[in-house]
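Enquirer: Position in the sequence shown counted from 1, then plus 5, gives you the working numbering.
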Amino acid sequence: MIFARSLTWCVTRLPRVKALNLSPKWSSGAAAKTRKARTHDSLLIEVVTMNLPRSTSLPRVLVLMGGPDAEREVSIMSGTEVARALTVSGAFEVIALTVDKPTAAELLAHTPDVIYPVLHGPWGEGGPLQEILETISASRGIGYVGPKPRAAAIAMDKIATKAFASQVGVRTPRARQIQRNDGIDLARELGAPLVLKPSNDGSSVDLRICRSNEEIAEARAHLEMKREFLMAEEFIKGREMTVGIVNGQVLPIIEIIPAVEYYDYQAKYFRDDTRYVLDPALDERVAHEMRSATHAIFTTLGLRDVARADFMVDERGAWFLEINTAPGMTTHSLIPMASRHRGVDMPQLCADLVHAALARTRKPITAAIS
6 MIFARSLTWC
16 VTRLPRVKAL
26 NLSPKWSSGA
36 AAKTRKARTH
46 DSLLIEVVTM
56 NLPRSTSLPR
66 VLVLMGGPDA
76 EREVSIMSGT
86 EVARALTVSG
96 AFEVIALTVD
106 KPTAAELLAH
116 TPDVIYPVLH
126 GPWGEGGPLQ
136 EILETISASR
146 GIGYVGPKPR
156 AAAIAMDKIA
166 TKAFASQVGV
176 RTPRARQIQR
186 NDGIDLAREL
196 GAPLVLKPSN
206 DGSSVDLRIC
216 RSNEEIAEAR
226 AHLEMKREFL
236 MAEEFIKGRE
246 MTVGIVNGQV
256 LPIIEIIPAV
266 EYYDYQAKYF
276 RDDTRYVLDP
286 ALDERVAHEM
296 RSATHAIFTT
306 LGLRDVARAD
316 FMVDERGAWF
326 LEINTAPGMT
336 THSLIPMASR
346 HRGVDMPQLC
356 ADLVHAALAR
366 TRKPITAAIS
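(1) Evaluate residue 213 with the Cβ neighbour count: other Cβ atoms within 10 Å of its Cβ, from every protein chain shown; 16 or more gives buried, anything less gives exposed.
(2) So residue 159 and residue 306 are supposed to be a Cβ contact under 8 Å. How far apart are they, rounded?
(3) To the nearest angstrom, report how far apart residue 195 and residue 218 are at their CA atoms.
(4) Where does residue 194 sit, in a helix, a strand or coil, going by DSSP?
(5) Taking residue 244 as the reference, give the member of 201, 183 and 315 with the closest Cα.
(6) Could you name the residues of the same chain whose beta carbon sits closer than 8 Å to that of residue 109, not counting the 5 residues immediately before and after it, in chain order?
(7) State buried or exposed for residue 84, treating a residue as buried only when at least 16 other CB atoms are found within 10 Å of its CB.
(8) Return yes when the Cβ of residue 318 is within less than 8 Å of the Cβ of residue 291, no when it is not.
(9) Taking 7 Å as the limit between beta carbons, can you name the residues of its chain near residue 87, skipping five residues before and five after?
(10) Where DSSP assigns a beta bridge to residue 182, which residues make up the other side?
(11) By alpha-carbon positions, which one of 232, 294, 241 and 193 ends up nearest to residue 203?
(12) For residue 332, tell me which candidate among 224, 92, 129 and 115 has the shortest Cα-Cα distance.
(13) Nearest-angstrom Cα distance between residue 288 and residue 156?
(14) With a threshold of 16 other CB atoms inside 10 Å of the CB of residue 126, please say whether the residue is buried or exposed.
(15) Quick one: what's got a C-beta closer than 7 Å to residue 299's C-beta in the same chain, skipping five residues either side?
(16) Since residue 182 contacts residue 240 with CB under 8 Å, what's their CB separation in whole angstroms?
(17) Quick one: grab the DSSP three-state call for residue 314.
(18) Under 7 Å from any heavy atom of the ligand ZN, does the C-beta of residue 93 make it?
(19) Can you tell which of 77, 227 and 242 has the C-alpha that lies nearest to the C-alpha of residue 320?
(20) Would residue 347 be called buried (16 or more neighbouring beta carbons within 10 Å of its own) or exposed?
(21) When the Cα atoms are used, what is the spatial distance from residue 372 to residue 220?
(22) According to the neighbour-count rule (16 or more other Cβ atoms, all chains shown, within 10 Å of its Cβ), is residue 186 buried or exposed?
(23) Which word fits residue 253, buried or exposed, when buried means at least 16 other C-beta atoms lie within 10 angstroms of its C-beta?
(24) Spatial neighbours of residue 301 within its chain, please: CB distance less than 7 Å, with the 5 preceding and 5 following residues excluded, ordered by chain position.
(25) Would you list the one or two residues that DSSP bridges to residue 260?
(26) Could you have a look at residue 202 and say whether DSSP puts it in helix, strand or coil?
(27) Are the CB atoms of residue 308 and residue 330 nearer to each other than 8 Å?
(28) Run through DSSP, which three-state label would residue 76 get?
(29) Have a look at residue 180 and residue 94 and give me their C-alpha separation to the nearest angstrom.
(30) Can you look up residue 319 in the DSSP assignment and give me helix, strand or coil?
(31) Expressed to the nearest angstrom, what Euclidean distance is found between the alpha-carbon atoms of residue 260 and residue 200?
Right under this line is the structure:
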């Protein structure tokens, strides 16, 4: 079983929705049965189904995972870990919901006190889902973890985020947005080497490093078959760093040393040979630059709860690349890693984020980790 035996999973069926209810204790007298339920092609979890009454003492947290975007598999991995952590905390009644594009009515059917979205990609973290959650929050007083819709949309748009970063004096590589068949000569305008990637996606999905004019042309032709808009960015050769922030507190810097050429989707979530160095050896000026930039961008964009900023560091200093408002929460992920380094484990980390969302609503906080 993927979770400890003391945890309970209850399956509820709604249109286009699978729900898993995690309760910290078994319900006495309930008839349970075990069956296999596939939530994704690569994730098979064992589910114990039973009818559980609503807890009257613990806030109910609805954890959302899945979504329609390319990072669905990672979202399910992250959501599973978040649901596990919140359950282990003992502070909440947890419902883990695998979704596509849920409606407000489908989410409200689970009568949550707070919603914790763990979706990645343009729909799940770029504004559309946040519009639904904000409507629920405004009409029902149900909080949610993560940014409001406008902040989510800006952070998902890499070009817009760079503009905000420049406004607060944060250095970022030269870049421009390109559109399919727009005729822009990238080799002349930016030159090789450069990075081509979607202007509104994450996890290094479809990222290509182009080291010659020929590679630029080949990569653009390939990516434009799948993407209307791309971002072309000056390539910075150096050390890759990331800085997390949770509830306004900047986390320890992590240096990422991939075993492959660059830290791509596979290296982030599926390879075990990527090295991570916490509090790496850096000039204090550069470290301060990254910490200050992360906090400034987080504040300027109006973000909240949790985010992670990515940087490259060369002999000139730190270069801001992008900020992620729904960072991964898998066993390979960087926010949990940095939090552990400062003494905050995964259950406490997730509970802190839920409590922050609850505090923004009319619903009182009735439980805490003992």
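Quick reminder that beta carbons are idealized off the backbone N, C-alpha and C, glycines included.
Since this is a predicted model, take the numbers as computed values, not measurements.
Expert: In this structure, then:
(1) Its Cβ being crowded by 16 or more others within 10 Å, residue 213 is buried.
(2) 6 Å
(3) Distance between the alpha carbons of residue 195 and residue 218 is about 10 Å.
(4) helix
(5) For the set 201, 183 and 315, the Cα lying nearest the Cα of residue 244 is the one of 315.
(6) Cβ-Cβ distances below 8 Å link residue 109 to 137, 140 and 141 in the same chain, with the five nearest sequence neighbours on each side left out; the list follows chain order.
(7) buried
(8) yes
(9) 68, 121, 123, 334 and 355
(10) 236
(11) 232
(12) 129
(13) Straight-line Cα distance between these residues: approximately 32 Å.
(14) buried
(15) 248, 250, 255 and 314
(16) Not confirmed; about 17 Å, so no contact.
(17) Residue 314: strand per DSSP, three-state reduction.
(18) Ligands are entirely absent from the displayed structure, and the ligand ZN is therefore not among its contents.
(19) 242
(20) Around the beta carbon of residue 347, fewer than 16 other beta carbons sit within 10 angstroms, so the residue counts as exposed.
(21) Unreliable positioning characterises residue 372 in this predicted model, as indicated by a pLDDT of 44, which lies under 50. A coordinate reading is not provided.
(22) exposed
(23) exposed
(24) 173 and 175
(25) 246 and 282
(26) strand
(27) yes
(28) coil
(29) Taking the straight line from one Cα to the other gives about 43 Å.
(30) In the structure shown, residue 319 falls within a strand segment according to DSSP collapsed to helix, strand and coil.
(31) 20 Å
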